[in-house]
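Residue numbers (my numbering): 24 to 75.
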């Protein structure tokens with residue numbers, strides 16, 4: 024009987040951990056997307072300036 028409080032706290036921590044992981048993955052993918060956009064625009068800009 025004395026394990027109930029600890030297990031409910033662990034369950035809440037598990038939900039918090041899963042929620043935090045989802046947020047971290049979303050932020051990481053957003054940052055990677057922005058970096059790829061910046062790199063592709065720089066590469067296309069460099070190709071346009073080389074062609075002139």
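The beta carbon of each residue, even a glycine, is placed where N, CA and C say it ideally should be.
These numbers come from a predicted model, not from an experiment.
Return yes when at least one heavy atom of the ligand ZN lies under 7 Å from the C-beta of residue i, else no.
| i | result |
| --- | --- |
| residue 55 | This structure lacks the ligand ZN; in fact it carries no ligand of any kind. |
Could you pull out every residue in the same chain whose Cβ sits closer than 7 Å to the Cβ of residue i, ignoring the five residues on either side in sequence?
| i | result |
| --- | --- |
| residue 42 | none |
Cutting at 8 Å between CB atoms, please list the residues of its own chain near residue i, excluding the five before and the five after it.
| i | result |
| --- | --- |
| residue 55 | none |
Extract the residue ranges of the beta strand (DSSP E) inside the region 25-57, only unbroken runs of 3 or more that lie entirely within it. Runs found: none.
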